[in-house]
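Q:
There are 2 protein chains.
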Amino acid sequence: MSTIKEVASAAGCSTATVSRALATPDKVSEATRARVARAIAEVGYTPNGAARSLRRRESRTIVALLPDISNPFFSEIINGIEDVAHQAGYRVLIGDCERDPQRAGAYFDLLPANQADGMLLLTADVPRALLDDARRRGRFPLVMACEFFDDRDLPTVTVDNYRAACQAIDYLVALGHRRIATLTGPVHNPICRERERGVSDTLTAHGLAGGAQTLAGDFGVHSGYVQGLALLTPLHSRPTAIFCHSDEMAIGVIKAARQLGLEVPRDVSIIGFDNIRLSEYCDPELTTISQPRAQIGQAAMRLLLGLIHDEPVERQQVLETRLIVRQSTGQPEPR
Amino acid sequence: MSTIKEVASAAGCSTATVSRALATPDKVSEATRARVARAIAEVGYTPNGAARSLRRRESRTIVALLPDISNPFFSEIINGIEDVAHQAGYRVLIGDCERDPQRAGAYFDLLPANQADGMLLLTADVPRALLDDARRRGRFPLVMACEFFDDRDLPTVTVDNYRAACQAIDYLVALGHRRIATLTGPVHNPICRERERGVSDTLTAHGLAGGAQTLAGDFGVHSGYVQGLALLTPLHSRPTAIFCHSDEMAIGVIKAARQLGLEVPRDVSIIGFDNIRLSEYCDPELTTISQPRAQIGQAAMRLLLGLIHDEPVERQQVLETRLIVRQSTGQPEPR
DNA sequence: CCCGATGGTGTAATCGTTTACAATAATGAG
DNA sequence: CTCATTATTGTAAACGATTACACCATCGGG
Numbered sequence: 001m002s003t004i005k006e007v008a009s010a011a012g013c014s015t016a017t018v019s020r021a022l023a024t025p026d027k028v029s030e031a032t033r034a035r036v037a038r039a040i041a042e043v044g045y046t047p048n049g050a051a052r053s054l055r056r057r058e059s060r061t062i063v064a065l066l067p068d069i070s071n072p073f074f075s076e077i078i079n080g081i082e083d084v085a086h087q088a089g090y091r092v093l094i095g096d097c098e099r100d101p102q103r104a105g106a107y108f109d110l111l112p113a114n115q116a117d118g119m120l121l122l123t124a125d126v127p128r129a130l131l132d133d134a135r136r137r138g139r140f141p142l143v144m145a146c147e148f149f150d151d152r153d154l155p156t157v158t159v160d161n162y163r164a165a166c167q168a169i170d171y172l173v174a175l176g177h178r179r180i181a182t183l184t185g186p187v188h189n190p191i192c193r194e195r196e197r198g199v200s201d202t203l204t205a206h207g208l209a210g211g212a213q214t215l216a217g218d219f220g221v222h223s224g225y226v227q228g229l230a231l232l233t234p235l236h237s238r239p240t241a242i243f244c245h246s247d248e249m250a251i252g253v254i255k256a257a258r259q260l261g262l263e264v265p266r267d268v269s270i271i272g273f274d275n276i277r278l279s280e281y282c283d284p285e286l287t288t289i290s291q292p293r294a295q296i297g298q299a300a301m302r303l304l305l306g307l308i309h310d311e312p313v314e315r316q317q318v319l320e321t322r323l324i325v326r327q328s329t330g331q332p333e334p335r
Numbered sequence: 001m002s003t004i005k006e007v008a009s010a011a012g013c014s015t016a017t018v019s020r021a022l023a024t025p026d027k028v029s030e031a032t033r034a035r036v037a038r039a040i041a042e043v044g045y046t047p048n049g050a051a052r053s054l055r056r057r058e059s060r061t062i063v064a065l066l067p068d069i070s071n072p073f074f075s076e077i078i079n080g081i082e083d084v085a086h087q088a089g090y091r092v093l094i095g096d097c098e099r100d101p102q103r104a105g106a107y108f109d110l111l112p113a114n115q116a117d118g119m120l121l122l123t124a125d126v127p128r129a130l131l132d133d134a135r136r137r138g139r140f141p142l143v144m145a146c147e148f149f150d151d152r153d154l155p156t157v158t159v160d161n162y163r164a165a166c167q168a169i170d171y172l173v174a175l176g177h178r179r180i181a182t183l184t185g186p187v188h189n190p191i192c193r194e195r196e197r198g199v200s201d202t203l204t205a206h207g208l209a210g211g212a213q214t215l216a217g218d219f220g221v222h223s224g225y226v227q228g229l230a231l232l233t234p235l236h237s238r239p240t241a242i243f244c245h246s247d248e249m250a251i252g253v254i255k256a257a258r259q260l261g262l263e264v265p266r267d268v269s270i271i272g273f274d275n276i277r278l279s280e281y282c283d284p285e286l287t288t289i290s291q292p293r294a295q296i297g298q299a300a301m302r303l304l305l306g307l308i309h310d311e312p313v314e315r316q317q318v319l320e321t322r323l324i325v326r327q328s329t330g331q332p333e334p335r
């Protein structure tokens, strides 16, 4: 709790010199710098962050707003964000809004309040009005990652969800599947709609447009289980393959299948999305679409830094996904 | 980016009145309050957080320091923390130090820098010197949750790890198991040692002290897989049950068992720890020890608020665990 | 009619830094 | 030796809020 004044008097110089010794050491003589360093150690000084941000008009903090921190999909993205952020001297404030507009609002206020210099928005499930209002109250460097709003006018880092879905369906069709169902994320979610578009375009291209069943979950494992039961009954008219919009839901569907006495992939093929760590350790190991999560986080953070520093940036970045074939998919049994 | 001055002139009053209208509305007349409210909406004002914390000497922010944000075990604890924190008007800054002392140091500095009012430490895997140094530089309200340092002199919220381990072993012995192995977390981790003590005391009590194999992982699924292979080979002398210190490791062990041609629980029983969401959805569903995670978070945050406000608090809180029997455990086959 | 209490408001000091500007000393070129 | 330049330091004014203190009405009781 000691201040720069105490350091200054202990070092026998002015506060300006102490400040310079810390911020621009080369503008301070060798000898003074040493005295200041000793004084700092002596009195146990840490610069007051509030005073510093007030004066500098920056906080060197960015907010990353998530829909749900318990979704393992986000943790590696966070790692990517933090890597780049820390390297650049920024702190990351992780906000979990739990789909609660009030909580989200509190995080949006951080920017006009000068408590944060920018925001990484990892969800579109936030009242647009809240965001627009905050943006009207001042400078608001903002990057969306993974998700996006329909109008796509904001800087965004995503994967090519359309193509990923096409790839998944092409793969299943090549295996011989004809009845392919989809378990999407929340109905109003733009990335899910992109994927659905990919699915239906691809199915149509293969002449399989009719009767493709689609249900919606919430990305969580429980909804996968519940909707999995719904998709797989009655057994006689069940799909032979299910494309799930998240690995967690795929794991839920596998449990549903098992409970109905179906074996994966013999009786039904399951394909997930995200390639979460556990997808390799469930039974059977999950065929899934891998998103380059660390890279998404890194790219988004770099983009945000560019915006914060008013540098020219590439406002729309699309990264590649990769289909990872494991054991939850196979040829359908001839019926 | 407008300031209180602009609001004041728009409302035709002084900055003091604007400030009071926000902080202590009942000290301001009805009419003025309305004018201020209108002026705020008009100019789009958000109080500058840095100026506010500088003056108030508090940030209404607390840091929660985690060893690893990707561990799903922590997400529900965070939820508990945030519930209580937000209710009390505090923000939560989640810090992921990834076992990197430098990163951890940056978070410790937040308190002497007046950027945070308190810290929730969810890992003991942090250089003690770093912590002690930060605590010497000023007031440092700190609560440990889940983990703790050996000396236990800090306020702590934990579960009774010793008793939980005893319960697990008692249960396995009651099923008929005689060769019970343990897969612990990191070797130097105090909670793991507590659990090991519980294991060895209980085994001794049952006259099974000798030959109980113990290996260490890192709580992650991959280490469970690797150490699971080690514990289960050679097959002829393998344990009939394995007590794992985390569900993730248990899932890894199950994969190892499957790969070795063993069926769970027929050929080997597996018991986990934590009751993460996915433990109910893997195959077989995991027998595990449930920690009241939301409550841990809530209790820790409440304790921290007490410390911040210099209220009398109960410095050591121990919550109960619960053994949840599912399908990964059963009687050993007679050999 | 006077006095004290009360309610509402304004003035100005304060929180701890940073930094523009000024001042001084030291250096070197001419 | 002089003058311009550079290196080093200090002085003091911000940054934007909060709040102690003072001030002025207004009101009611005596």
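Listed in order, the protein sequences are those of chains A and B. Each residue of the first sequence is one higher than the last, beginning at 1 in full-length UniProt numbering. Each residue of the second sequence is one higher than the last, beginning at 1 in full-length UniProt numbering. Just so it is clear, CB atoms sit at the ideal spot from N, CA and C, and this is done for glycine as well.
#1: Return the CA-CA distance between aspartate 260 of chain B and cysteine 244 of chain B, expressed in angstroms with no decimal places.
#2: Between the stretch 79-111 of chain A and chain B, which residues of the former have a C-beta closer than 8 Å to a C-beta of the latter?
#3: Are the stretch 160-176 of chain A and the stretch 256-276 of chain A in contact at 8 Å, needing three or more beta carbon pairs?
#4: May I ask you to report which of helix, strand or coil DSSP gives residue 336 of chain A?
#5: Could you please tell me which residues of the stretch 266-281 of chain B, in chain order, have their CB closer than 7 Å to any CB of chain A?
#6: According to DSSP, what are the bridge partners of alanine 181 of chain B?
#7: How is the alpha helix (DSSP H) around residue 337 of chain A delimited, first residue to last?
#8: Have a look at B:Leu262, B:Ser237, B:Leu229 and flag the residue whose alpha-carbon is nearest the alpha-carbon of alanine 249 of chain B.
#9: Check the Cβ-Cβ distances between glutamate 76 of chain B and every residue of chain A, and say whether any is below 8 Å.
#10: Just verifying my parser: in three-state terms, what is the DSSP assignment at residue 345 of chain B?
#11: Assign glutamine 316 of chain A to one of three DSSP states: helix, strand, or coil.
#12: List the endpoints of the continuous beta strand (DSSP E) containing residue 340 of chain A.
#13: For valine 18 of chain A, which residues from the same chain have a beta carbon less than 7 Å from its beta carbon, with the 5 sequence-adjacent residues on both sides left out?
#14: Quick check on the DSSP output: what are the complete beta strand (DSSP E) runs of length 3 or more inside the stretch 46-117 of chain A, in order along the chain?
#15: May I have the straight-line CA-CA distance separating valine 63 of chain A from leucine 307 of chain A, to the nearest angstrom?
#16: Write down the C-beta distance between leucine 122 of chain A and isoleucine 77 of chain A rounded to the nearest angstrom, noting that I regard them as a contact closer than 8 Å.
#17: Per DSSP, valine 143 of chain B is paired with what?
#18: Does glutamine 115 of chain A get closer than 8 Å to chain B when you measure Cβ to Cβ?
#19: List the residues of chain A whose Cβ lies closer than 8 Å to the Cβ of proline 72 of chain B, in chain order.
#20: Under the DSSP definition of a beta bridge, which residues are partnered with alanine 216 of chain A?
#21: Could you spell out the range, first to last residue, of the alpha helix (DSSP H) harbouring threonine 288 of chain B?
#22: Determine the closest residue to phenylalanine 148 of chain B out of B:Arg193, B:Ala164, B:Gly105, B:Pro112, with distance taken between C-alpha atoms.
#23: Exposed or buried, histidine 177 of chain B, counting other C-beta atoms within 10 Å across all chains shown (16 or more means buried)?
#24: Against leucine 54 of chain B, what residues of chain A qualify as contacts under a CB-to-CB distance less than 8 Å, listed in chain order?
#25: Hey, would you say leucine 278 of chain A sits closer than 8 Å to serine 328 of chain A, going by beta carbons?
#26: Just to check my reading of the structure: leucine 303 of chain A and alanine 88 of chain A have Cβ atoms closer than 8 Å, yes? What is that Cβ distance to the nearest angstrom?
#27: According to DSSP, simplified to helix, strand and coil, what is threonine 15 of chain A?
#28: Using the three-state DSSP reduction, which class does valine 126 of chain A fall into: helix, strand or coil?
#29: Just the chain A side, please: which residues come within less than 9 Å of lysine 255 of chain B by C-beta, in chain order?
#30: Mapping the DSSP letters down to three states, classify isoleucine 270 of chain A as helix, strand or coil.
#31: Determine the contact status of glycine 198 of chain A and tyrosine 162 of chain A, defining contact as a CB-CB distance below 8 Å.
#32: Short check: CB of aspartate 218 of chain A to CB of glycine 185 of chain A, under 8 Å?
#33: So, at 6 Å on beta carbons, what are the nonlocal neighbours of alanine 39 of chain B in its own chain, with the 5 sequence-adjacent residues on each side left out?
#34: Closer than 8 Å by beta-carbon distance: list the chain B residues that pair up with serine 328 of chain A, in chain order.
#35: Helix, strand or coil for valine 221 of chain B, going by three-state DSSP, please let me know.
#36: Compare the C-beta of methionine 1 of chain A against all C-beta atoms of chain B and say whether one is closer than 8 Å.
A: So, to answer that:
#1: One point to set straight first is that residue 260 of chain B is leucine, not aspartate, in the sequence displayed. Rounded to whole angstroms, leucine 260 of chain B to cysteine 244 of chain B spans 18 Å at the Cα level.
#2: Asn79, Glu82, His86, Arg91, Leu93, Ile94, Asp96, Glu98, Arg103, Ala106, Asp109, Leu110
#3: yes
#4: Given that chain A is displayed from residue 1 to residue 335, the structure contains no residue 336 of chain A and the question cannot be resolved.
#5: Arg277, Leu278, Tyr281
#6: B:Ile242
#7: Because chain A here runs from 1 to 335, residue 337 of chain A falls outside it and cannot be looked at.
#8: The sequence given here places methionine at residue 249 of chain B; alanine does not occur at that position. Ranking B:Leu262, B:Ser237, B:Leu229 by Cα distance to methionine 249 of chain B puts B:Leu229 first.
#9: yes
#10: Because chain B spans 1 through 335 in this model, residue 345 of chain B falls outside it and cannot be assessed.
#11: strand
#12: Outside the displayed range of chain A (1 to 335) lies residue 340 of chain A, so it cannot be described from this structure.
#13: Ile4, Val7, Ala8, Ala11, Val36
#14: 61-66, 91-96
#15: 14 Å
#16: 7 Å
#17: B:Leu120
#18: yes
#19: Ser70, Pro72
#20: A:Thr184
#21: Element bounds for threonine 288 of chain B: not the alpha helix (DSSP H) but the beta strand (DSSP E), 288-290.
#22: B:Arg193
#23: buried
#24: Asn48, Ala50, Ala51, Leu54
#25: no
#26: Actually they do not touch by this definition, with Cβ atoms about 12 Å apart.
#27: helix
#28: coil
#29: Glu280, Tyr281, Cys282, Asp283, Glu285
#30: strand
#31: yes
#32: yes
#33: Val7, Ala10, Ala11
#34: Within chain B, no residue comes near serine 328 of chain A; the closest Cβ sits about 12 Å away, beyond 8 Å.
#35: helix
#36: yes
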